[in-house]
Amino acid sequence: MSWLWRRLRKLPVNGRWLAAAVLAGLLLHLGTVLAINHFLPNRAIAAIAQLGPANQMTVLEPVAKGHQPLPFLSPMERYAVCRFDLRKGPVALHTVLGGDDWTLAIYGATGANVFAAAGSDLERYEVELLLALNSDGTGAGLPIAKDAGVATTLALTERTGIAIISAPVGQSAYGDLTDRLLAEATCTQRPKSLPQAG
Amino acid sequence: MRSKAKLRDLRSVTQLPSRPKPIDVVGPVRMPEPMAPRRQRAPFRWSRLLDSLPMRPGRRLVGRLLGRVVSLAVYGTLAMLIGLTSAWYMIETGTRLTLERDGPWQRWTLAGAPDADPYTRAHFARAGWLPLNGPAAAYFTASRDSAGEPLYSDCDYSVSGSNPAARRWTLVAYDMSGMLLDVGAGPAAITSETALPGPGGNVTIAVTQSTSPGNWLNLTGATRMQLLLTLYGARQGTTLKAAEVPARHLFRIERIGCR
Numbered sequence: 042m043s044w045l046w047r048r049l050r051k052l053p054v055n056g057r058w059l060a061a062a063v064l065a066g067l068l069l070h071l072g073t074v075l076a077i078n079h080f081l082p083n084r085a086i087a088a089i090a091q092l093g094p095a096n097q098m099t100v101l102e103p104v105a106k107g108h109q110p111l112p113f114l115s116p117m118e119r120y121a122v123c124r125f126d127l128r129k130g131p132v133a134l135h136t137v138l139g140g141d142d143w144t145l146a147i148y149g150a151t152g153a154n155v156f157a158a159a160g161s162d163l164e165r166y167e168v169e170l171l172l173a174l175n176s177d178g179t180g181a182g183l184p185i186a187k188d189a190g191v192a193t194t195l196a197l198t199e200r201t202g203i204a205i206i207s208a209p210v211g212q213s214a215y216g217d218l219t220d221r222l223l224a225e226a227t228c229t230q231r232p233k234s235l236p237q238a239g
Numbered sequence: 523m524r525s526k527a528k529l530r531d532l533r534s535v536t537q538l539p540s541r542p543k544p545i546d547v548v549g550p551v552r553m554p555e556p557m558a559p560r561r562q563r564a565p566f567r568w569s570r571l572l573d574s575l576p577m578r579p580g581r582r583l584v585g586r587l588l589g590r591v592v593s594l595a596v597y598g599t600l601a602m603l604i605g606l607t608s609a610w611y612m613i614e615t616g617t618r619l620t621l622e623r624d625g626p627w628q629r630w631t632l633a634g635a636p637d638a639d640p641y642t643r644a645h646f647a648r649a650g651w652l653p654l655n656g657p658a659a660a661y662f663t664a665s666r667d668s669a670g671e672p673l674y675s676d677c678d679y680s681v682s683g684s685n686p687a688a689r690r691w692t693l694v695a696y697d698m699s700g701m702l703l704d705v706g707a708g709p710a711a712i713t714s715e716t717a718l719p720g721p722g723g724n725v726t727i728a729v730t731q732s733t734s735p736g737n738w739l740n741l742t743g744a745t746r747m748q749l750l751l752t753l754y755g756a757r758q759g760t761t762l763k764a765a766e767v768p769a770r771h772l773f774r775i776e777r778i779g780c781r
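Residue numbers (the numbering used here), protein chains in the order written: chain A, 42 to 239; chain B, 523 to 781.
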């Protein structure tokens, strides 16, 4: 290493140019990171968009090799997803969680998890949730954690996103119930003039 | 005969006892001459090099411009290397700013959070992973064993430790892009519901291609892999406090052998 260091020290280096290069590198670093966040679409959102139309709940096949639309999905969970689009109006989500370990999660278009609730958080497993744009003036009912069973509004700042219901695959005796509850979950567009729910 | 006698005389002269050495006299101390200041090497400049060459002014000007272009190219490449490599590293691998490490396990601390830093957001957007926000679940990935060796699906591992203090946990093996390994009919995951605790409540899981009694996570193929340990909620109380789960109690991953 000392040999390399001696060699490097003999290289003609211009201090000003070197400082400018380091500064430019830092700026490039920041620009790259911000550009990836701003311009690169979230792969998960893009993959779910391939699964079906917007504002419709889709139950995914059991996760296994070859049947895995997103990375890191668990084979011990069943999933139902809804890609919502709030540009034409609010979207109502209705589902009944099958147990304490079921979760309902809402993601924005960038993939940020803006809302998550497990069955153990809620007083009742039936969830009626109205997703609305914050600018519509309908988003006033945050947070909803203890208001299950009552239509509660979740104000979002992003026009599109994804709702995911995940259900743990327990004993096989409950498999049918899990499938039925996931299939009964709905995700429907509401007219824009809908009065404030709740 | 005469000449021989002369020669003898001369020898006797030359063999005279040597003169006594002069006594060293201590005189005034002579100070060493001050060293000339070390000449610092002037910074390299293309213009200086070109000025020293016997060239016409026009060519010299072109040479200077060329030198500038070369400098720009060299330092521009350096800037690109610094900027892009560091961005890639901080997004793909993560640093202490964005990760919590505990033995072989690591966790993006702000995974899924709406106020996550740009590196975390870019990491998950590129990976196509939709994690639950920190309080709802904590995701720990390990792509190396406790000795720091990469995990391979054709090796046998023992994953052991105390039962994580979470309401529910799952352990799954994925390839490096987060896709499931083809496990065939064997178990693809171990969860807190399926894991059989041993004496003292500890859990030991055999992660191997061979059928194994007890807790067994099946592997196939011969590829780099990673393990994902997901903790859902804390065991204490009803609220989700996965972020407060002490990470020190996570499983150790020990390699048993490879095929």
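The beta-carbon is built from N, C-alpha and C at its ideal position, and this holds for glycine as well.
Note that the coordinates shown come from a computational prediction; the quantities given were computed from them, not determined experimentally.
Original post:
What are the partner residues of residue 777(B), as DSSP defines its beta bridges?
Top reply: Bridge partners of residue 777(B) according to DSSP: 679(B).
Original post:
Taking residue 642(B) as the reference, which of 622(B), 627(B), 711(B) and 750(B) has the closest Cα?
Top reply: Distances from the CA of residue 642(B) to each of 622(B), 627(B), 711(B) and 750(B) were compared; the closest alpha carbon is that of 622(B).
Original post:
Under the three-state reduction of DSSP, which class applies to residue 125(A): helix, strand or coil?
Top reply: Correct three-state label for residue 125(A): strand.
Original post:
Is residue 152(A) near residue 646(B), with beta carbons less than 8 Å apart?
Top reply: Yes.
**OP:** Assuming residue 709(B) contacts residue 685(B) (C-beta within less than 8 Å), just tell me the rounded distance between them.
**Re:** Not really, about 18 Å apart at Cβ, beyond 8 Å.
Original post:
Are residue 673(B) and residue 749(B) close, meaning C-beta to C-beta below 8 Å?
Top reply: Cβ distance < 8 Å, so residue 673(B) and residue 749(B) count as in contact.
Original post:
Would you say residue 738(B) and residue 714(B) are within 8 Å of each other, going by their C-beta atoms?
Top reply: The answer is no: Cβ separation not under 8 Å.
Original post:
If you compare alpha carbons, which of 752(B), 774(B) and 679(B) is closest to residue 733(B)?
Top reply: Considering only alpha carbons, the answer is 679(B).
Subject >> Sheet register partners of residue 135(A) (DSSP bridge) >> reply: DSSP links residue 135(A) through a beta bridge to 169(A) and 227(A).
**OP:** Pick out whichever of 221(A), 117(A) and 147(A) has its Cα sitting closest to the Cα of residue 717(B).
**Re:** With respect to the C-alpha of residue 717(B), the residue from 221(A), 117(A) and 147(A) having the closest C-alpha is 117(A).
Original post:
If we cut at 8 Å on Cβ distances, does residue 665(B) have a partner in chain A?
Top reply: False, the Cβ-Cβ gap to chain A never drops below 8 Å.
Subject >> For residue 100(A), the three-state DSSP class (helix, strand or coil) >> reply: It is a strand residue.
Original post:
Who are the near neighbours of residue 226(A) in its chain, counting only those whose CB is closer than 6 Å to its CB and skipping five residues on each side?
Top reply: Answer for residue 226(A): 98, 121, 136 and 206, listed in chain order.
Original post:
If you run the structure through DSSP and keep just helix, strand and coil, what is residue 622(B)?
Top reply: Of the three classes helix, strand and coil, the one that applies to residue 622(B) here is strand, per DSSP.
**OP:** Label residue 778(B) either buried or exposed according to how many other C-beta atoms from any shown protein chain fall within 10 Å of its C-beta, with 16 as the threshold for buried.
**Re:** It is exposed - the Cβ of residue 778(B) has fewer than 16 other Cβ atoms within 10 Å.
Original post:
Pick from 58(A), 140(A), 143(A) and 132(A): whose alpha carbon is nearest that of residue 175(A)?
Top reply: Checking every option, the nearest Cα to that of residue 175(A) belongs to 132(A).
Original post:
So with Cβ pairs under 8 Å, would you call residue 655(B) a contact of chain A?
Top reply: For residue 655(B), the answer is yes, since a Cβ of chain A falls inside 8 Å of its Cβ.
Original post:
If you run the structure through DSSP and keep just helix, strand and coil, what is residue 581(B)?
Top reply: Residue 581(B) falls in the helix class under three-state DSSP.
Original post:
Interface residues of chain A around residue 717(B) at Cβ under 8 Å?
Top reply: The premise fails here: residue 717(B) is roughly 12 Å from chain A at the closest Cβ pair, so nothing lies under 8 Å.
Subject >> Interface partners of residue 117(A) on chain B, CB under 7 Å >> reply: In chain order: 692, 711 and 713.
Subject >> For residue 68(A), the nearest candidate out of 580(B), 570(B), 755(B) and 606(B) (CA to CA) >> reply: That would be 606(B), whose Cα lies nearest to the Cα of residue 68(A).
Subject >> Unbroken alpha helix (DSSP H) run spanning residue 84(A), endpoints >> reply: 84-90 is the extent of the alpha helix (DSSP H) around residue 84(A).
Subject >> residue 689(B) classed as buried or exposed, judged by whether at least 16 other C-beta atoms fall within 10 angstroms >> reply: Its Cβ being crowded by 16 or more others within 10 Å, residue 689(B) is buried.
Original post:
Are the C-beta of residue 701(B) and some C-beta of chain A separated by less than 8 Å?
Top reply: At a cut-off of 8 Å between C-beta atoms, residue 701(B) counts as an interface residue with respect to chain A.
**OP:** Alpha carbon to alpha carbon, how far is residue 149(A) from residue 481(B)? Give it in angstroms, no decimals.
**Re:** One cannot answer for residue 481(B) here, as it falls past the ends of chain B, which runs 523 to 781.
**OP:** Rounded to whole angstroms, what's the CA-CA distance from residue 693(B) to residue 114(A)? Just pull it up for me.
**Re:** Going by C-alpha positions, residue 693(B) is about 12 Å away from residue 114(A).
**OP:** Return helix, strand or coil for residue 742(B), following the three-state DSSP convention.
**Re:** In the structure shown, residue 742(B) sits in coil (DSSP, three-state: anything other than H, G, I, E or B).
Original post:
When Cβ atoms are compared, which residues of the stretch 119-135 of chain A fall closer than 8 Å to chain B?
Top reply: Under the 8 Å Cβ criterion, the stretch 119-135 of chain A contributes no residue.
**OP:** With a threshold of 16 other CB atoms inside 10 Å of the CB of residue 161(A), please say whether the residue is buried or exposed.
**Re:** Burial state of residue 161(A) is buried, judged by a 10 Å Cβ sphere holding 16 or more other Cβ atoms.
Subject >> Spatial neighbours of residue 591(B) in its chain, beta-carbon cut-off 8 Å, leaving aside the 5 residues before and after >> reply: Closer than 8 Å at the Cβ level, and outside the excluded window around residue 591(B), lies no residue.
Subject >> First and last residue of the uninterrupted beta strand (DSSP E) at residue 674(B) >> reply: Counting along the chain, residue 674(B) sits inside no beta strand (DSSP E), nor does DSSP assign it H or E at all.
Subject >> Three-state secondary structure (DSSP) of residue 57(A) >> reply: Looking at residue 57(A) - three-state DSSP - the assignment turns out to be helix.
Subject >> Under 7 Å by beta carbon: chain A residues contacting residue 743(B) >> reply: Going along chain A, no residue has its Cβ under 7 Å from residue 743(B), so there is no contact; the nearest lies around 10 Å.
Original post:
For residue 683(B) versus residue 600(B), is the C-beta spacing smaller than 8 Å?
Top reply: Result no, Cβ atoms of residue 683(B) and residue 600(B) do not sit closer than 8 Å.
Original post:
Excluding five sequence neighbours on each side, which residues of the same chain lie with their C-beta closer than 8 Å to the C-beta of residue 166(A)?
Top reply: Here residue 166(A) has 137, 138, 139, 140, 143, 160 and 189 as same chain residues with Cβ atoms under 8 Å from its own Cβ, once five neighbours each way along the sequence are excluded.
**OP:** Indicate whether at least one CB of chain A lies closer than 8 Å to the CB of residue 643(B).
**Re:** It does; some Cβ of chain A falls within 8 Å.
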